[in-house]
Amino acid sequence: LGKKCIYACLVPCCLPRAVTSQKQKKMKIRSRDGDDADDDNADADDKKKKNKSKSKSHTLSIQLRETSKERKTRRDYMERRERARRKSLNGPCYYCGDESHSLIHCTILPTLPKEDQIRIRQKFHAATVPCWNCLEYGHFKNNCPKAVLDGGAAITHNSTNHSSQYPPILTLDVTNVLAEERPFYSYCHLLANSFQKGKGGDMKNGEMDIGEEEKEEQAPI
């Protein structure tokens, strides 16, 4: 289990808050049910909120192991994503090398011929701002080698289309734990089985959802 979750070797000593908080909410709902029985004019909106809270699922998130290489790749992606969304205003200047300003505020650049200004700015952006389509450096969105062609026209993404990436986590559904005869034993059993099933799972944006018995096993994480 240690290869999948660095904390999996720790045996739980009590039920997590995601489970115990359900009991408190159920007690409040029962109390409100009793009050509503005596009040014929109970508000319809309150009843809707009660029904919604009864059907709400409760999940527990457990962080899985992330290798140094995976962490570096994810952080590098997030840095390039942020760099594509915001222009750097700090030095050193790409043209004159002055640490006090960036190329945007360079006072020498406007004195150069227009063609040179355009060429320098293009080189600056290609070297310091990743492509909006693939988040790689060295080219622009309109000539991205990873652009999808549709009838001869390139289809690209905007910088806002790149989703954030988070550390891998296992999402455990604990909604029905309190309904069991032995809640703590049921929770421990569910936790152990989930990590055994952790050989596979549907990984979406750093998250693996395990709660359905019929999920097929996939490649190891």
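Everything in the sequence shown is counted per the numbering used here, starting at 5 for the first residue and increasing by one. The C-beta atom is built at its ideal place from N, Cα and C for all residues, glycine as well.
For the pair D177 and T63, the Cα-to-Cα distance works out to about 4 angstroms. Boundaries of the beta strand (DSSP E) around D177: I173 to D177. In the same chain as H105, and ignoring 5 residues on each side of it, the C-beta atoms closer than 6 angstroms to its own belong to G95 and C97, in chain order. The criterion of a C-beta distance shorter than 7 angstroms is not satisfied by R90 and P134. The beta carbons of Y191 and L19 sit closer together than 7 angstroms. Going by beta carbons, P172 and E83 fall outside the 7 angstroms limit. The alpha helix (DSSP H) runs of length 4 or more contained entirely in the region 61-111 are, from start to end of the chain, 72-89. The DSSP-derived three-state label of H193 is helix. Around the Cβ of N137, a 10 Å sphere holds 16 or more other Cβ atoms; the residue is buried.
In the structure shown, R186 falls within a coil segment according to DSSP collapsed to helix, strand and coil. For K118, the uninterrupted alpha helix (DSSP H) run begins and ends at K118 to T132, by DSSP.
Taking all protein chains shown into account, I66 has 16 or more neighbouring C-beta atoms within 10 Å of its C-beta and is therefore buried. Remark: C-beta atoms of I124 and Y141 do not approach each other more closely than 7 angstroms. Of the other Cβ atoms in all chains shown, 16 or more fall within 10 Å of the Cβ of L195; this residue is therefore buried. Counting only residues of its own chain and dropping the five nearest sequence neighbours on each side, T179 has a CB closer than 7 angstroms to the CB of S61 and H62. In the structure shown, N180 adopts coil according to DSSP, grouped into three states.
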